[in-house]
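Per the numbering used here: the sequence shown = residues 113 to 556. Glycine is no exception: its CB is placed at the ideal position from the N, C-alpha and C atoms. Because the structure is a prediction, the values reported are computed rather than measured. Okay, so here's the structure we're looking at.
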Amino acid sequence: MDENKSYRTHPLFRVEQDNHHIITIQPLSAAAPEQLDMIGYLTQFVDLVTFILEREDTVGVVYTCPIQDEKIEYAQLFRQFSSSRSSPSDLFELTSKVLRWETFKKPIVSLFTNNCTAIALATMLWSNYRIASEKLQFGFPESRYGLFTAFGATIYLPALIGTENALSLLTQNKPVSGEEAHQLGLINELAQKPDDCLSLAKNWILHPPSIDANQHTKQMDELGPEAILAIQKKARGLYPGTNAVIELLQKKQLSTPFEAAEQEANLYLHVLKRPEPLSMVRTLHYGVQLAKSPKSISHFEDYSLKKIGILGAGMMGSGIAYEAARAGIEVALKDVTISQAQRGKAYAKQVCEKSLALEAMTASQGEQLLARIKPTEQVSDLNGSDCIIEAVFEDFHLKANVTQESLPYLSENGFFATNTTSLPITELAKASTEPKSFIGMHFF
Numbered sequence: 113m114d115e116n117k118s119y120r121t122h123p124l125f126r127v128e129q130d131n132h133h134i135i136t137i138q139p140l141s142a143a144a145p146e147q148l149d150m151i152g153y154l155t156q157f158v159d160l161v162t163f164i165l166e167r168e169d170t171v172g173v174v175y176t177c178p179i180q181d182e183k184i185e186y187a188q189l190f191r192q193f194s195s196s197r198s199s200p201s202d203l204f205e206l207t208s209k210v211l212r213w214e215t216f217k218k219p220i221v222s223l224f225t226n227n228c229t230a231i232a233l234a235t236m237l238w239s240n241y242r243i244a245s246e247k248l249q250f251g252f253p254e255s256r257y258g259l260f261t262a263f264g265a266t267i268y269l270p271a272l273i274g275t276e277n278a279l280s281l282l283t284q285n286k287p288v289s290g291e292e293a294h295q296l297g298l299i300n301e302l303a304q305k306p307d308d309c310l311s312l313a314k315n316w317i318l319h320p321p322s323i324d325a326n327q328h329t330k331q332m333d334e335l336g337p338e339a340i341l342a343i344q345k346k347a348r349g350l351y352p353g354t355n356a357v358i359e360l361l362q363k364k365q366l367s368t369p370f371e372a373a374e375q376e377a378n379l380y381l382h383v384l385k386r387p388e389p390l391s392m393v394r395t396l397h398y399g400v401q402l403a404k405s406p407k408s409i410s411h412f413e414d415y416s417l418k419k420i421g422i423l424g425a426g427m428m429g430s431g432i433a434y435e436a437a438r439a440g441i442e443v444a445l446k447d448v449t450i451s452q453a454q455r456g457k458a459y460a461k462q463v464c465e466k467s468l469a470l471e472a473m474t475a476s477q478g479e480q481l482l483a484r485i486k487p488t489e490q491v492s493d494l495n496g497s498d499c500i501i502e503a504v505f506e507d508f509h510l511k512a513n514v515t516q517e518s519l520p521y522l523s524e525n526g527f528f529a530t531n532t533t534s535l536p537i538t539e540l541a542k543a544s545t546e547p548k549s550f551i552g553m554h555f556f
């Protein structure tokens, strides 16, 4: 039975050596010092592993994820990489150090003890062999916010699971299970119990195949145009991180590993400094979190909508009108003709009749709800709206025209919302005299 002993004191990591000269590294429970940013913290880890690999008596290294927190602190990430302290050269230097690990030809195993995503997952790709339990999940969720994962992810992942699989995993925000990760080649071995991972790792180190110094940076399979077009069709060029991943995977086929690392570092900081990811994180991540706990938004508690205007009485507009009226809000439902607007209100009547049949609503409640919806063809009936929601066809000129026509009827401090699903909100807002009060609003 191996007897672990203290190997080297480190302020951030617990390091132990067994009598086979296998070194295990675990992050200490205390968080990394605040004065260290992500690159600074991971540089401490990489330098420690490099020091251990350089020792002649080291047989192999086993490490658990150096980043313990499963949650991604996006605000901290933006602060760190927008500061003057962080530059592409810092990230490039970090990744270059990791690339040199392969020259030592000593086995390195990473152990997954928790769900692993984003930068944390990137750090686990640095090893030669990866062991996890079946119940864990893996992925790159930041792609949904217009970001992408660097730290060697675009270099190591294609070599492990194939270029097209890497493109999908890096850009589609689709987590994979332990079994799926094993089938892909992301995970080399699945442990039945988490406690078995360390013994499996040491067994592999003591009986390893030959360590290929280029296994992580071998020639990739070509990235087919069909795969690129499929991703581009979904992203429509609106996700800077997705655009960057496609560019990096295409360039990597013609680049050395160190050239690829430099390109990745440059694009990573470029994407982080773009306005789109910051806005998407603020709305889709932090905004959703706040919406789940509305009491935390104390300064909005006294605000209420009394009247809204809806432009377009189609399926979406009529659905919004029904929900607003059900919430007790007065609704002006406008379309180009009164008959079209009345058809929109008729939808609300049908829903009320179904609810009445299911005894989910009384006749009186249905009558009161319908009384709140006023179908109209006159734009002046929008007057005094606290919010005007545009739900017309996906056409720039049409949306611009109805925006300009209806804006004068907003109440003081009112706001305008577009229900677009495909057009850039920033471009649509140019039709408004108050673009700061122009937002996107979706209903599900």
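With distance defined between alpha-carbon atoms, name the residue in the options nearest to residue i.
| i | options | result |
| --- | --- | --- |
| residue 399 | 528, 552, 151 and 159 | 552 |
| residue 393 | 127, 206, 532 and 255 | 255 |
| residue 203 | 284, 166, 345 and 372 | 372 |
| residue 172 | 188, 213 and 200 | 213 |
| residue 141 | 123, 170, 151 and 521 | 123 |
| residue 95 | 177, 192, 209 and 182 | The structure shown does not extend to residue 95, since the chain is modelled only from 113 to 556, so the question has no answer here. |
| residue 264 | 297, 230 and 295 | 230 |
| residue 129 | 321, 304 and 175 | 175 |
| residue 459 | 430, 519, 235 and 516 | 430 |
| residue 303 | 378, 187, 233 and 226 | 226 |
| residue 483 | 249, 299, 433 and 177 | 433 |
| residue 228 | 161, 206, 509 and 298 | 298 |
| residue 506 | 539, 487 and 283 | 539 |
| residue 441 | 481, 467 and 454 | 481 |
| residue 490 | 548, 421, 534 and 510 | 421 |
| residue 555 | 435, 504, 451 and 549 | 435 |
| residue 155 | 179, 294, 403 and 367 | 179 |
| residue 438 | 390, 452, 455 and 417 | 417 |
| residue 378 | 137, 181 and 201 | 201 |
| residue 188 | 472, 151, 366 and 296 | 151 |
Which term fits residue i, buried or exposed, when burial requires 16 or more other beta carbons within 10 angstroms of its beta carbon?
| i | result |
| --- | --- |
| residue 337 | exposed |
| residue 449 | exposed |
| residue 219 | buried |
| residue 412 | Note that residue 412 scores a pLDDT of 46, beneath 50, so its modelled location is shaky and nothing firm can be said. |
| residue 163 | exposed |
| residue 341 | exposed |
| residue 427 | exposed |
| residue 447 | buried |
| residue 470 | exposed |
| residue 465 | exposed |
| residue 206 | buried |
| residue 424 | buried |
| residue 276 | buried |
| residue 387 | exposed |
| residue 353 | buried |
| residue 305 | exposed |
| residue 315 | exposed |
Check whether the Cβ atoms of residue i and residue j lie closer than 8 angstroms to each other.
| i | j | result |
| --- | --- | --- |
| residue 262 | residue 153 | no |
| residue 531 | residue 500 | no |
| residue 251 | residue 285 | yes |
| residue 457 | residue 445 | yes |
| residue 221 | residue 313 | yes |
| residue 375 | residue 385 | no |
| residue 545 | residue 519 | yes |
| residue 383 | residue 260 | yes |
| residue 249 | residue 289 | yes |
| residue 233 | residue 268 | no |
| residue 192 | residue 159 | no |
| residue 318 | residue 132 | yes |
| residue 535 | residue 508 | yes |
| residue 361 | residue 266 | yes |
| residue 283 | residue 161 | no |
| residue 443 | residue 511 | no |
Going by the C-beta, is residue i closer than 7 angstroms to any heavy atom of the ligand ADP?
| i | result |
| --- | --- |
| residue 220 | The ligand ADP is absent from the structure shown, which contains no ligand whatsoever. |
Cβ pair count under 8 angstroms reaching 3, the stretch 268–284 against the stretch 224–244
Of all C-beta pairs linking the stretch 268–284 to the stretch 224–244, three or more are shorter than 8 angstroms, placing the two stretches in contact.
In chain order, which alpha helix (DSSP H) runs of at least 4 residues are fully inside the stretch 487–514?
The stretch 487–514 contains no whole alpha helix (DSSP H) run of 4 or more residues.
Which residue spans inside the stretch 175–245 form an unbroken alpha helix (DSSP H) run of at least 4?
186–194, 200–211 and 230–236, all fully within the stretch 175–245.
May I have a chain-ordered list of the alpha helix (DSSP H) segments no shorter than 4 residues that lie completely inside the stretch 431–485?
For the stretch 431–485, whole alpha helix (DSSP H) runs of length 4 or above, ordered along the chain, are 450–469 and 475–483.
Decide if the stretch 485–498 is in contact with the stretch 518–536; the criterion is three or more beta carbon pairs, one per stretch, under 8 angstroms apart.
The stretch 485–498 makes contact with the stretch 518–536: 3 or more CB pairs, one atom from each, lie closer than 8 angstroms.
Which runs of the alpha helix (DSSP H) spanning at least 4 residues fall entirely within the stretch 251–324, listed in chain order?
Annotation note: the stretch 251–324 contains the following uninterrupted alpha helix (DSSP H) runs of length 4 or greater, listed N- to C-terminal: 265–273, 275–283, 290–296 and 309–318.
Within the stretch 343–395, ranges of the alpha helix (DSSP H) (whole runs, at least 4 residues)
Taken in chain order, the unbroken stretches of alpha helix (DSSP H) that lie wholly in the stretch 343–395 and span 4 residues or more are 352–364, 369–384 and 387–392.
If you scan the stretch 514–540 from start to end, which runs of the alpha helix (DSSP H) of 4 or more residues do you find wholly inside it?
Counting only runs of 4 or more, we get 537–540.
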